[in-house]
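Here the working numbering = 1-based position in the sequence shown + 4. Idealized CB from N, CA, C, for every residue including glycine. Following: one structure in structure tokens, then a few remarks.
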Amino acid sequence: MNIKILHIIIIFLSLECYSQHSEKFISLTSNLKPSDSITIDLKFSNGNQKEIGKIYEYEFGDYVYSYYYGKRIEYYRDGSVAYEYVYNDYGILLSCKWFDGHDNLWRESQTLKIDSDAKNSKEFLEREKHITITANEKIYRYDNDECEYYVKKENLF
């Protein structure tokens, strides 16, 4: 029973990640396959984690294009989370969370739709101006009277 629920959750999360991409975006990227994957694991001089994440490399013609993909986390020097990013396979930000250094979320954005007007896969990889992104952003503030965070501002852009 628990395995079935896990499979349903995994399928749901997969659909959420790719439902943001337009049909044109999917067709432009369908023939692009990463040639290499690089793991990022950087530490501060004090030994605390600085950054973790992954990069995909795509070879196209004589050039190698590198993009973050999946989850990437940047840390403050004390080891607490500063930023948490989630990227698609082509380095486009799907979600981002900013933390205040005390594990409190103070800002987040969620990509709702991704489209591209690139004419082919090469043009898609070579420039960023062809991508149109619709996202929702929330900014949080702390209420001293209620002793909790609340959404101060929400923007769709």
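Could you give the first and the last residue of the continuous beta strand (DSSP E) run that contains residue i?
i	result
I59	53 to 64
L98	97 to 103
K117	109 to 120
S39	No beta strand (DSSP E) holds S39; DSSP gives it neither H nor E.
K156	152 to 160
R76	67 to 79
D82	D82 -> no beta strand (DSSP E), and no H or E assigned at all.
N140	135 to 147
Between residue i and residue j, which are expected to be in contact by the criterion C-beta below 8 Å, what is the C-beta distance as a whole number of angstroms?
i	j	result
L109	N140	Going by Cβ atoms, the distance from L109 to N140 rounds to 14 Å, so no, they are not a contact pair.
K117	S26	7 Å
S41	Y71	Not really, about 11 Å apart at Cβ, beyond 8 Å.
G105	Y67	The Cβ separation is near 39 Å, so there is no contact.
S120	I135	5 Å
Kindly indicate the opening and closing residues of the alpha helix (DSSP H) around residue i.
i	result
K28	27 to 33
E127	125 to 130
In angstroms, rounded to a whole number, what distance separates the CA positions of residue i and residue j?
i	j	result
Y94	Y73	7 Å
S125	E63	11 Å
K37	K28	17 Å
S49	F103	22 Å
T115	I30	16 Å
E150	K156	14 Å
I7	S99	Residue confidence for I7 is low, a pLDDT of 45 falling below 50, so the modelled location carries little weight and cannot support an answer.
N52	A86	13 Å
A122	S39	22 Å
Y69	K47	25 Å
N35	D147	50 Å
D45	Y154	33 Å
If you compare alpha carbons, which of the options is closest to residue i?
i	options	result
K54	E88, L36, K37, L32	E88
N92	K58, A86, S84	K58
E112	E150, R131, R145, Q24	R145
K75	K28, L97, I30, S34	L97
T43	I77, S49, K101	I77
E130	G65, N52, G51	G65
G83	I56, F128, E127	I56
Any beta-carbon of chain B closer than 8 Å to the one on residue i?
i	result
Y80	The chain labelled as chain B is not found in the depicted structure, where only one protein chain is given.
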